[in-house]
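If you read the protein sequences in the order shown, they are chains P and V. Just so you know, the first sequence maps onto residues 1 to 336 in the UniProt record's numbering. Just so you know, the second sequence maps onto residues 1 to 336 in the UniProt record's numbering.
Number of protein chains: 2
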Amino acid sequence: MAQKVKLSTIAEALGLSTATVSLALRDSPLVAESTRERIKEEARVSGYIYNRRAASLRTSKSGIIGVCVSDIMNPFFGEILKAIENELDRHRQTFVLCNHYDQLSKQRAFVDTMLQLGADGLIMSPAIGTPAPDIHLAEQNDLPVTLIARTVEGCGVTSFSGDDSYGMRLAVTHLIDKGYRRIAMVGGTDLTSTGRERERGYREALAEAGIEYRPDWRLPGPRSRHSGFDAVAGFLRLPERPDAVACFSDLVALGFMYGLAREGLRPGVDIAVTGYDDIDEAAIAMPSLTTVANGQSEVGRRAAAALLARLNGAPAVESVELITPQIKVRQSTEGL
Amino acid sequence: MAQKVKLSTIAEALGLSTATVSLALRDSPLVAESTRERIKEEARVSGYIYNRRAASLRTSKSGIIGVCVSDIMNPFFGEILKAIENELDRHRQTFVLCNHYDQLSKQRAFVDTMLQLGADGLIMSPAIGTPAPDIHLAEQNDLPVTLIARTVEGCGVTSFSGDDSYGMRLAVTHLIDKGYRRIAMVGGTDLTSTGRERERGYREALAEAGIEYRPDWRLPGPRSRHSGFDAVAGFLRLPERPDAVACFSDLVALGFMYGLAREGLRPGVDIAVTGYDDIDEAAIAMPSLTTVANGQSEVGRRAAAALLARLNGAPAVESVELITPQIKVRQSTEGL
DNA sequence: CTGAAAGCGCTTACAG
DNA sequence: CTGAAAGCGCTTACAG
Chain P
1 MAQKVKLSTI
11 AEALGLSTAT
21 VSLALRDSPL
31 VAESTRERIK
41 EEARVSGYIY
51 NRRAASLRTS
61 KSGIIGVCVS
71 DIMNPFFGEI
81 LKAIENELDR
91 HRQTFVLCNH
101 YDQLSKQRAF
111 VDTMLQLGAD
121 GLIMSPAIGT
131 PAPDIHLAEQ
141 NDLPVTLIAR
151 TVEGCGVTSF
161 SGDDSYGMRL
171 AVTHLIDKGY
181 RRIAMVGGTD
191 LTSTGRERER
201 GYREALAEAG
211 IEYRPDWRLP
221 GPRSRHSGFD
231 AVAGFLRLPE
241 RPDAVACFSD
251 LVALGFMYGL
261 AREGLRPGVD
271 IAVTGYDDID
281 EAAIAMPSLT
291 TVANGQSEVG
301 RRAAAALLAR
311 LNGAPAVESV
321 ELITPQIKVR
331 QSTEGL
Chain V
1 MAQKVKLSTI
11 AEALGLSTAT
21 VSLALRDSPL
31 VAESTRERIK
41 EEARVSGYIY
51 NRRAASLRTS
61 KSGIIGVCVS
71 DIMNPFFGEI
81 LKAIENELDR
91 HRQTFVLCNH
101 YDQLSKQRAF
111 VDTMLQLGAD
121 GLIMSPAIGT
131 PAPDIHLAEQ
141 NDLPVTLIAR
151 TVEGCGVTSF
161 SGDDSYGMRL
171 AVTHLIDKGY
181 RRIAMVGGTD
191 LTSTGRERER
201 GYREALAEAG
211 IEYRPDWRLP
221 GPRSRHSGFD
231 AVAGFLRLPE
241 RPDAVACFSD
251 LVALGFMYGL
261 AREGLRPGVD
271 IAVTGYDDID
281 EAAIAMPSLT
291 TVANGQSEVG
301 RRAAAALLAR
311 LNGAPAVESV
321 ELITPQIKVR
331 QSTEGL
């Protein structure tokens, strides 16, 4: 690279001012058509690169949106992220992704970085234990926040998520309708709103059907494929064995089904299994997995749209927007 | 927010200059211990937020590293990304993630954004069809590039990837050792170096064993779980059916095994299957999947380290660093 | 050990 | 329709 090309390089080459060049490159109608074309051509041939830091320093808009979730590898977030990406792409916002792995320190480091870079907004699925002031900090520094999948009490902003208790009630009620009465629930933690809501749905469905809740059939914890697989050992050690399992998520359910198969039990035949999320794999798994589609892409789309509205001046509102989930019945509950 | 706190706000409050405050906050030994402490305390209580755009404009270092791969949802990249994240975290670099979905336009938009933001470096798995000049453009504008998983001829930079032809040779040779002679290969495309190399390994292993390569048993294309599942249909229509399948990746293999099971065929018993990548799921799948561990975390770690070396002045070198893969024998090839 | 001043590369009123 | 000038918030020689 010879010499860095900047606005003034172009201005000098053309005998114009940097003001005119700046306006022309951003298609201002103030600049004469012919001037604009000469400028754009010169920018092109000289290999000019727009310096966003300089512009952003001046305008205090950066065109950056931060997105932070516990783990982007989780297909559940994958679909949400794709929807967000779509929505933001259309508004020419750059989006910066980050995992917090449910570590508050990682999440804080990320929010800090976004603040320092002057990001325009933040979409996040708050890490376990996120206190409301963490979100106020961002908001008070002109960084509007929208929450997804989980919410934080007193955060003062909008969160978008599936109606988890209703969704889990759908799954468990489906099992009951199928004739199952001995229904366990595997996975999830009451440290997250998602975990609490899904467990609530499980209990409500049982209560509605007049089935007693058995604490020993509630196996909390697993939230990944691997831990779902591992949970089978504990399940098989139960003194009285359930004949159906409502899993916290599809990943847990898929891992759990692998684990059952490993022990010679046929998921969907010997033990009914339901998942939650309706990830792509659910439909092709063997057996295919009965699950709850919780509208991830709607969550992502609406969260992004809400954030964009905030950027355009809409006020912050604390509310929880629930997307209504739907059950997908497949082979894994065909048993009885 | 009352008023934005900046260096000068702190300087005024303390009766110091911005120069001193700037130095103190960055722990310069030039500033007296006691002064530094007063400054840091004032920064803390006033809620000062460091403006990286301004600093970066001045220093032309941004602390940002861009990372771009075809799809972060692919567990293959997931492990690489985790290794990169680890390495970069230790050097306090912010990393910005992006999918290009093998679309050149998306990749270009990302590289452009990184250039505009003054990113310090770029790690990417080049999209199909990436021409060398795309990489030269970045390099010529002070944006050092390191490639992962795939390479581009004439790019002038280092790429890190598994030794794909060797790895696939391991898988196919293993099948041959097990007694299989009718071995198909499913998935991958010759549009990527990865696809070409793995196919080469497949052919070489057959040749070594004196087994003729049959074009109709080479079913290219699938690179995802879903397309692996779909490939079973074509496989079952083959006039002569192979008894073993070497898949392009674990995802393809897992989808393919689901597909076989759906058709009443037992993977690992009726049809042997191998994968590639040794993703987490391979070990717990049912049957567990024989696969090739291609050292993703080493790829990620070394690619990040190489890029950091470039940031510290190391020159660009065109080379392909191959990480030696290892075979993991599991149930899916236990058949005969 | 601390300060005054210039400058990074833009954009934005304001003039003309 | 175009230009001169100020300023965004830092850092970096340079002085003292």
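For every residue, glycine included, the Cβ atom is placed at its ideal position computed from N, Cα and C.
Under the three-state reduction of DSSP, Ser17 (chain P) is assigned to coil, being neither helix nor strand.
Looking at the backbone, the Cα of Val67 (chain V) and that of Cys98 (chain V) are separated by about 6 Å. Within the same chain, and ignoring the five residues on either side of Ile211 (chain V) in sequence, the residues whose Cβ sits closer than 8 Å to its Cβ are Ile176, Arg181, Ile183.
Asp27 (chain V) counts as exposed, since fewer than 16 other C-beta atoms from the protein chains shown sit within 10 angstroms of its C-beta. Under the 10 Å beta carbon count, Gly264 (chain V) is surrounded by fewer than 16 other beta carbons and is classified as exposed. Scanning the region 232 to 266 of chain P from its first residue to its last, the whole beta strand (DSSP E) runs of 3-plus residues come out as 244 to 247.
In this structure, Ile80 (chain P) lies near Val299 (chain P), with their beta-carbon atoms less than 8 Å apart. DSSP links Leu147 (chain P) through a beta bridge to P:Met124, P:Ser159.
Judged by their CB atoms, Ser165 (chain V) and Arg200 (chain V) are nearer to each other than the 8 Å cut-off. Pairwise C-beta distances place the region 305 to 322 of chain P in contact with the region 112 to 122 of chain P, as three or more of them are shorter than 8 Å. Under the DSSP definition of a beta bridge, Thr94 (chain P) partners with P:Ile64.
Contact annotation: Met286 (chain P) and Tyr258 (chain V) have beta-carbon atoms nearer than 8 Å. Cβ neighbours of Ala231 (chain V) within its own chain (closer than 8 Å, five residues either side excluded): Val186, Gly187, Leu219, Gly221, Pro222, Val252, Gly255, Phe256, Gly259. For Lys328 (chain V), DSSP records a beta bridge to V:Thr291. Ser8 (chain V) is positioned such that its CB atom lies closer than 8 Å to that of Thr18 (chain V). Chain P places a beta carbon closer than 8 Å to that of Pro75 (chain V), counting this residue as a contact. The Cβ of Gln296 (chain V) sits no closer than 8 Å to any Cβ of chain P. Contact annotation: the region 54 to 67 of chain P does not touch the region 279 to 294 of chain P, with fewer than three C-beta pairs closer than 8 Å. DSSP, reduced to helix, strand and coil, places Val45 (chain V) within a helical segment of the structure shown. Not flagged as an interface residue toward chain V: Ile10 (chain P), since no C-beta distance is shorter than 8 Å.
With a cutoff of 8 Å on beta-carbon distance, Thr290 (chain V) and Val329 (chain V) are scored as near each other. About 5 Å separates the Cβ atoms of Ser46 (chain V) and Val5 (chain V), confirming a contact at the 8 Å cut-off. About 6 Å separates the beta carbons of Ala149 (chain V) and Thr194 (chain V), which is inside the 8 Å limit, making them a contact pair. Ala305 (chain P) and Ser161 (chain P) have their C-alpha atoms spaced approximately 14 Å apart. Between Ala43 (chain V) and Leu25 (chain V), the C-beta spacing is below 8 Å.
Distance check between Ala303 (chain V) and each of V:Leu147, V:Ile10, V:Thr324 places V:Leu147 closest, using alpha-carbon atoms only. The beta carbons of Ala132 (chain P) and Glu153 (chain P) sit closer together than 8 Å. Near chain P, meaning a CB-to-CB distance below 7 Å, the residues of the region 39 to 54 of chain V are Ile49, Tyr50, Asn51, Arg52, Arg53, Ala54. Annotation: Met168 (chain P) is outside any beta strand (DSSP E); the continuous alpha helix (DSSP H) that includes it extends over 164 to 177. Taking C-alpha positions only, Ile10 (chain V) is separated from Leu23 (chain V) by approximately 13 Å.
Taking the CA atoms as reference points, Asp102 (chain V) sits about 27 Å from Val273 (chain V). Contact note: Gly255 (chain V) reaches chain P through Glu281, Ile284, using a C-beta cutoff of 9 Å and chain order. Contact with chain V is absent for Ile135 (chain P), since none of that chain's Cβ atoms lies less than 8 Å from the residue's Cβ. Arg36 (chain P) is classed as buried because its beta carbon has at least 16 other beta carbons within 10 Å across all chains shown. For Leu191 (chain P), no alpha helix (DSSP H) encloses it, and the DSSP letter there is neither H nor E. Within a 10 Å sphere around the beta-carbon of Gln326 (chain P) sit fewer than 16 other beta-carbons, which makes this residue exposed.
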